[in-house]
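These protein sequence lines are chains A and B, in that order. The opening residue of the first sequence carries number 226 in the working numbering; numbering runs sequentially from there. The opening residue of the second sequence carries number 226 in the working numbering; numbering runs sequentially from there. Following: one structure in structure tokens, then a few remarks.
2 protein chains.
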Amino acid sequence: MRQQNINKQGRVGTQNKQLILAAAEQEFAQNGYKGTRIQQVADRAKLPKTNVLYYFKTKEGLYLAVLEEILGLWNSAFDHATEDDDPAEVLAHYISEKMEVSYTKPEASKIFALEIINGAPNLTGFFKEQHIKWMQGRIDVIQSWIDSGKLSTNNAYYFLFNIWACCQHYADFSAQISHLRGSAMDRTDFNDATKSLIKLILNGGGLDVPKQYR
Amino acid sequence: MRQQNINKQGRVGTQNKQLILAAAEQEFAQNGYKGTRIQQVADRAKLPKTNVLYYFKTKEGLYLAVLEEILGLWNSAFDHATEDDDPAEVLAHYISEKMEVSYTKPEASKIFALEIINGAPNLTGFFKEQHIKWMQGRIDVIQSWIDSGKLSTNNAYYFLFNIWACCQHYADFSAQISHLRGSAMDRTDFNDATKSLIKLILNGGGLDVPKQYR
DNA sequence: GAAATACTTGACCATATGGTCAACAATTAT
DNA sequence: ATAATTGTTGACCATATGGTCAAGTATTTC
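Spelled out as structure tokens, the structure:
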């Protein structure tokens, strides 16, 4: 028996799956799980509804597939930082990365937000445990910076939450921001916002902003 | 003709309406508009479904009624601040207020967030215009603080967005926060988080934290 | 080339859900 | 008291939507 398609899927299959996932990401981000119609996803992908169900057995299956793709985005350089690293450098870099995601993949961010607001009913125990573990590691690093007097803040948790909050906000609330500013934020605006945020967080923690992030 | 009930509604009416609104607020916050079933709202309010429809003709009507109640919460003392006021005082107070809302009315905050993420399809033009107007006024004040050297930040818009982001976050992402911390935030935790945030924002803007907020 | 596998698609079904209706009960106005 | 108004509720309906099925076509495997 020669080498055969392991997952029993041809070229057309993987391509269509990708098309559908992209369409689904848009729809779920805009309408939430319940608010999304399979038909709409199909329309956006320019395929008949039955075809969508062929690749992803159920609506839930489709949603979980989208979610899985998204979770990869939550990795970053901060993952491997230690207490010996320079907090200003690490945090500035981390904020840049998060803002980049907010700019390039706002749908992912929105879906994640919707999921969390609803109490994260679809995030697997594995993901949650992994997240807690990651979090605990990061908190320890931040705490060590606090203890060694490098960083000035009352609480490592809240410090991290506030960073997340700001970065997420630019993706989740893009509609509001566009409306209030009068136009959508472009790449230049995002760079400005990123600089502004880096300054706020670092200065807020008693740190100086590294040259390259000014 | 004697003074008669103007809006043709007796005691039972207003009371039930209130019950239903409270129930609906919970449900909409947890499940979004599409995800909410009128039956669920009715169950929570311990009334038959038909009764809910009697007071609020349609699901949309119910939702809009909930939304209207919520928008009142977005007023604050910051509304009347001027460039002559002390930015440290005003901002610390503003953050305290917003965090208080996040603690006492997280559902309202979530519904608002859901609405915005979906592109605010149900916020009336009036509300939007009013919001822009309010915003413009606040931006002007912040800008004047920047110009007079009292406040240090690159951009008045982003500075304000970041404050909103953080305050909102504690309501919208309460599930995530509870999970990561290991337990829900109580009043004491919220006070700590508020202090932490005030320090971050004020120091981030080159301001000292007023004694009473330390 | 033929068997197996992967993909396509219209017709159809079961169910959930927003909403109506009509008949009745309670309350209020005069 | 009685008429008008307001509130209560079960039965019912129309429709939307997730999902199945079967009958086919295209592609790969040997």
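Where is the CB? At the ideal position from N, CA and C, for every residue including glycine. All figures in this text were calculated on a predicted structure; none of them were measured in a lab.
If you look at R269 (chain B), you'll find it in the alpha helix (DSSP H) that goes 263 to 270. A residue is called buried when at least 16 other Cβ atoms come within 10 angstroms of its Cβ; E250 (chain B) meets this threshold and is buried. The residues V315, V366, in chain order, have a CB closer than 7 Å to that of A306 (chain B) in the same chain once the five nearest residues on each side in sequence are set aside. In the three-state DSSP reduction, L348 (chain A) falls in the coil class, being neither helix nor strand. A distance below 6 Å between beta-carbons, with the five flanking residues on each side excluded, links S403 (chain B) to the following residues of its chain, in chain order: A409.
Linking F253 (chain A) to N428 (chain B) through their CA atoms gives a straight-line distance of about 38 Å.
In the structure shown, D365 (chain A) falls within a helical segment according to DSSP collapsed to helix, strand and coil. In this structure K335 (chain B) is in contact with D397 (chain B), their Cβ atoms being roughly 6 Å apart against a cut-off of 8 Å.
Within the same chain, and ignoring the five residues on either side of D433 (chain A) in sequence, the residues whose Cβ sits closer than 8 Å to its Cβ are A313, L427. Under the three-state reduction of DSSP, V434 (chain A) is assigned to coil, being neither helix nor strand. If you draw a 10 Å sphere on the C-beta of V277 (chain B), you find 16 or more other C-beta atoms in it, and that means buried. With a threshold of 8 Å between beta carbons, G350 (chain B) makes no contact with chain A. Contact between C392 (chain B) and S301 (chain B) does not hold, since their C-beta atoms are separated by about 11 Å, which reaches or exceeds 8 Å. Excluding residues up to 5 positions away in sequence, I295, L298 lie with their Cβ nearer than 6 Å to the Cβ of A333 (chain B) in the same chain. R406 (chain A) has a beta carbon lying within less than 8 Å of a beta carbon in chain B. With respect to chain B, the C-beta atom of T329 (chain A) has no partner C-beta closer than 8 Å. Taking a Cβ-Cβ threshold of 9 Å, the residues of chain A close to D417 (chain B) are N379, N380, Y383, in chain order. Listed by position along chain B, the residues whose Cβ is nearer than 9 Å to that of F303 (chain A) form an empty set, because the closest Cβ is around 15 Å away. In this structure, B:Y279 is the residue among B:D311, B:Q265, B:Y279, B:N256 with its C-alpha nearest to the C-alpha of N241 (chain B). The beta carbon of F352 (chain B) is closer than 8 Å to those of L296 in its chain, skipping five residues each way along the sequence. In the structure shown, L376 (chain A) falls within a coil segment according to DSSP collapsed to helix, strand and coil. Closest option to A418 (chain A), judged by alpha-carbon separation, among A:M324, A:I341, A:F384, A:S399: A:M324. DSSP places M410 (chain B) outside both helix and strand once states are collapsed to three, so it counts as coil. Separation of the CB atoms of L422 (chain A) and Y383 (chain B) is rounded to 7 Å, and the pair is thereby assigned contact status at 8 Å. Nearest CB-CB separation between G374 (chain A) and chain B: not below the 8 Å threshold. Shortest Cα-Cα distance from D411 (chain B) to any of B:E354, B:Q255, B:Y395 involves B:Y395. A Cβ-Cβ contact shorter than 8 Å links A290 (chain A) with L246 (chain A). If you look at R236 (chain B), you'll find it in the alpha helix (DSSP H) that goes 236 to 260. Contact of D397 (chain A) with chain B is assigned, a C-beta pair being separated by under 8 Å. Taking C-beta atoms as the reference points, W370 (chain A) and E308 (chain A) count as a pair closer than 8 Å. Under the DSSP assignment, F384 (chain B) falls in the alpha helix (DSSP H) whose first and last residues are 381 to 397. At a Cβ-Cβ threshold of 8 Å, V266 (chain B) and A248 (chain B) count as neighbours.
For F386 (chain A), the nearest beta carbon of chain B is closer than 8 Å to its own beta carbon. Here G430 (chain B) has L376, S377, T378 as same chain residues with Cβ atoms under 6 Å from its own Cβ, once five neighbours each way along the sequence are excluded. The residues K274, V277, L278, K284, L287, in chain order, have a CB closer than 8 Å to that of I263 (chain A) in the same chain once the five nearest residues on each side in sequence are set aside. Annotation: the continuous alpha helix (DSSP H) that includes P312 (chain B) extends over 312 to 329.
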